[in-house]
Amino acid sequence: MEQNILVKIGGDISGLSQSLSQAGSQLSQFTRDTQAGFQAVGTAGKWITGAGAALAGGLGMAVKTAMNFETQMSRVGALSGATDKELTSLTDTAKHLGNTTVFSASQAADGMAFLAMAGYKTNDIISAMPGLLNMAAAGQTELGETADITSKQDCSVVEKSAA
Numbered sequence: 086m087e088q089n090i091l092v093k094i095g096g097d098i099s100g101l102s103q104s105l106s107q108a109g110s111q112l113s114q115f116t117r118d119t120q121a122g123f124q125a126v127g128t129a130g131k132w133i134t135g136a137g138a139a140l141a142g143g144l145g146m147a148v149k150t151a152m153n154f155e156t157q158m159s160r161v162g163a164l165s166g167a168t169d170k171e172l173t174s175l176t177d178t179a180k181h182l183g184n185t186t187v188f189s190a191s192q193a194a195d196g197m198a199f200l201a202m203a204g205y206k207t208n209d210i211i212s213a214m215p216g217l218l219n220m221a222a223a224g225q226t227e228l229g230e231t232a233d234i235t236s237k238q239d240c241s242v243v244e245k246s247a248a
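Residues are numbered in our numbering as their position in the sequence shown, beginning at 1, plus a constant of 85.
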């Protein structure tokens with residue numbers, strides 16, 4: 086005959102339950118910390134990418150501005166018939182005016198080009214530029230418009246010498 090014996094074994098597993106609960110909490114904390122770390126790296130990566138793009142953009146603008154200035158000064162030289170030495174003087178004057186007036190060196194070069202188109206020679210352009218820039222600033226007009234007005238007038242602010 087078959088008999089079943091039932092044996093009950095008891096034990097205190099409260100320590101095991103507590104250990105498993107603690108391990109689960111530590112695993113959850115580790116997961117949160119890891120996610121926060123990845124988010125921080127992602128944020129830093131985005132910031133670094135953004136800063137790099139801004140730096141590259143700023144550098145690109147500086148290079149473009151320098152190229153535009155050099156191109157404009159070459160145009161001034163061609164329009165005025167300036168020699169290399171005269172072009173250096175014109176370039177130095179434009180840079181000086183860019184540093185000492187409300188106008189940039191490129192804007193000063195634009196003004197020089199307008200005077201050269203009106204027939205001014207190198208020395209005339211150099212001597213006329215401070216007055217031209219002052220007149221443009223005072224009248225709040227574009228340099229091209231001011232140069233056009235000035236070159237058509239016999240103004241004492243901008244004196245055009247005989248060729």
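We put the beta carbon where it would ideally sit given N, CA and C, even for glycine.
Check F188 in the structure and name its three-state DSSP category. coil
How long is the line joining the alpha carbons of K237 and M197, rounded to whole angstroms? If I take the Cα positions, the gap works out to 15 Å.
Could you tell me the boundaries of the alpha helix (DSSP H) in which G224 lies? 207-224
Would L182 and L218 qualify as a contact pair, given that the criterion is a beta-carbon distance under 8 Å? yes
Can you tell me whether DSSP reads N89 as helix, strand or coil? Collapsing the DSSP output to three states places N89 in coil.
Is it buried or exposed for T231, if we count other Cβ within 10 angstroms and need 16 for buried? buried
Quick one: what's got a C-beta closer than 6 Å to L172's C-beta in the same chain, skipping five residues either side? G162
Which first and last residues belong to the alpha helix (DSSP H) in which G229 is found? Counting along the chain, G229 sits inside the alpha helix (DSSP H) bounded by residues 228-237.
With distances taken Cα to Cα, identify the nearest neighbour of T176 among I210, M158, V187. M158
Using a Cβ-Cβ cutoff of less than 6 Å, which residues in the same chain neighbour N89 once the five nearest sequence positions on both sides are dropped? none
Out of curiosity, what's the CA-to-CA distance linking S110 and T119? 14 Å
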